[in-house]
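Engineer:
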Amino acid sequence: MTETLRLSSTAELGLDELASLFNEAYQGYEIPQHVDAGAVVFMHEALDLVPERSCVAWRGDRPVGLGMLGVRASRGWVGGMGVVPEARRSGVGEALMRGLIDHARGAGVRTLFLEVLETNAGARALYEKLGFRAFRRLEVLAWEGEPRGHDPSVIACEPKAARHRIAARRAAPEPWQRADETVDRLDVSTPALRAVTSPHGDAVYRVTEGRASVLQLAARDADAAGALLDSIRAKPGVMLLRFLNVPADDPGAEALRGRGATCIAAQTEMSVEVATL
Ligand SMILES: CC(C)(COP(=O)(O)OP(=O)(O)OC[C@H]1O[C@@H](n2cnc3c(N)ncnc32)[C@H](O)[C@@H]1OP(=O)(O)O)[C@@H](O)C(=O)NCCC(=O)NCCS
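Positions 616 to 892 (this note's numbering) are the ones given, in order, by the sequence shown.
1) Does the count of Cβ pairs from the segment 842-853 and the segment 710-723 closer than 8 Å reach three?
2) In the segment 719-802, which residue ranges form an unbroken alpha helix (DSSP H) of at least 4 residues, counting only runs that do not cross its ends?
3) Where does I646 fall in DSSP's three states?
4) Using a Cβ-Cβ cutoff of less than 7 Å, which residues in the same chain neighbour H815 once the five nearest sequence positions on both sides are dropped?
5) Suppose you measure from the CA of P851 to the CA of R826; what does that come to, to the nearest Å?
6) Could you check whether I781 and A818 sit closer than 9 Å to each other, using their CB atoms as the reference points?
7) For A807, which of V822, A794, T797, S813 has the nearest alpha-carbon?
8) Report the residue from L753, P762, T726 whose alpha carbon sits nearest the alpha carbon of R793.
9) Given a threshold of 16 other Cβ atoms within 10 Å of its Cβ, counted over all protein chains shown, does P790 qualify as buried or as exposed?
10) Should the segment 661-671 be regarded as contacting the segment 795-803, the criterion being three or more beta carbon pairs within less than 8 Å?
11) Leaving out the 5 sequence neighbours to the left and right, which residues in its chain are closer than 7 Å to V656 when beta-carbon positions are compared?
12) Which one of N735, S624, E632 has the shortest CA to CA distance from G682?
13) Please report the Cβ distance between V724 and R690, rounded to the nearest whole angstrom; I am assuming they are in contact, meaning their Cβ atoms lie under 8 Å.
14) Assuming G680 and G697 make a contact with CB atoms under 8 Å, what is their CB distance in whole Å?
15) State the DSSP-derived secondary structure class of A702, mapped to helix, strand or coil.
16) Along the chain, where does the alpha helix (DSSP H) that runs through R677 open and close?
17) Between which residues of its own chain and A870 is the CB-CB distance below 7 Å, once the five residues before and five after are set aside?
18) Which of the three DSSP states, helix, strand or coil, is assigned to V693?
19) How long is the line joining the alpha carbons of L830 and P774, rounded to whole angstroms?
20) Quick check on the burial criterion: 16 or more other C-beta atoms within 10 angstroms. Buried or exposed for E709?
21) Check each candidate in N735, L856, R785 and name the one with the smallest Cα separation from D864.
Take a look at the structure:
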């Protein structure tokens with residue numbers, strides 16, 4: 616590993632090469648990751664990843680790591696960062712992240728976001744070294760239990776109307792993977808978005824193979840959130856409800872924890888103002 620490190624953009628790799636580098640770079644990750652070319656395309660489209668601004672690290676002709684950058688106006692997001700096992704702890708991750716920060720700045724990004732598993736101390740140390748600071752805890756919650764009750768004031772509604780009300784009620788920004796721009800992309804794909812509403816809140820979700828994924832939810836309190844979640848869980852064909860990256864202090868998280876949901880991953884959301892670096 617004495618060869619000089621070189622960075623290029625991920626646009627130089629074919630989709631299959633990018634998928635296999637991603638899989639290699641995530642070896643040993645606590646939540647096993649496996650993507651194929653189709654998943655890579657989906658990630659780019661739904662999450663606004665920009666190949667020209669994403670980085671591959673090379674030692675000679677061997678790709679040894681990658682970092683993917685999403686851009687949405689003044690916000691950026693690190694949507695994948697990994698180094699192949701034999702090249703770790705030799706400065707590759709740091710070089711990739713510095714490359715992404717430069718590319719983000721060049722794209723007009725002011726704030727760069729990422730999420731890191733709470734147990735991933737090495738990655739967190741890298742991000743802190745480069746100036747990222749933690750600002751909230753996000754949980755991935757899965758709930759298979761029975762609905763607690765049936766609130767007749769919760770009814771199905773048009774997802775677009777629900778999204779407007781959620782935008783007006785939302786107390787904190789949505790994490791990248793459930794932000795409005797992501798939901799816009801999903802709104803034109805299959806399966807269709809669905810929504811439920813009550814006088815005290817709204818939720819937008821989609822159902823895939825028996826699993827309801829909550830995309831956005833805003834409610835007055837945990838009781839109101841719980842009524843919406845009960846209603847989604849009770850829909851025919853829904854065996855499991857999942858809520859990705861819900862802020863730990865969100866009423867939806869409180870309601871799910873109260874219903875015995877499992878926290879399958881806890882992440883720290885971090886950000887840095889790139890202009891100040
Ligand atoms: C996290 C990861 C990308 C770090 O890449 P890397 O090339 O090993 O990191 P570097 O050698 O550039 O380290 C740079 C700094 O990060 C920190 N760091 C990296 N790995 C660390 C570890 N295992 N323990 C403690 N600190 C670590 C250190 O501060 C280090 O600076 P130092 O060398 O001056 O001590 C790499 O371990 C990896 O690919 N892991 C699997 C995938 C993954 O977890 N991705 C992150 C998803 S959020």
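Note that beta-carbon positions come from the ideal geometry of N, C-alpha and C, so glycine has one too.
Structural biologist: So, from the data block:
1) The segment 842-853, when compared against the segment 710-723, does not touch it at the 8 Å Cβ threshold.
2) With a minimum length of 4 residues, the continuous alpha helix (DSSP H) runs that stay inside the segment 719-802 are 736-744, 774-784, 795-802.
3) coil
4) A834, R835, A839
5) CA-to-CA, the gap between P851 and R826 works out to about 11 Å.
6) In contact: A818 and I781 (Cβ atoms closer than 9 Å).
7) V822
8) Selected option, being the one with the closest Cα: L753.
9) buried
10) Yes, the segment 661-671 is in contact with the segment 795-803.
11) Cβ neighbours of V656 within its own chain (closer than 7 Å, five residues either side excluded): L630.
12) Checked all of N735, S624, E632; the closest Cα to G682 is S624.
13) Right, their Cβ atoms sit about 6 Å apart.
14) 6 Å
15) helix
16) Here R677 belongs to no alpha helix (DSSP H); instead the beta strand (DSSP E) covers 677-687.
17) A837, A840, G841, L844
18) strand
19) The straight-line gap from Cα to Cα measures roughly 11 Å.
20) Classification for E709: exposed.
21) R785
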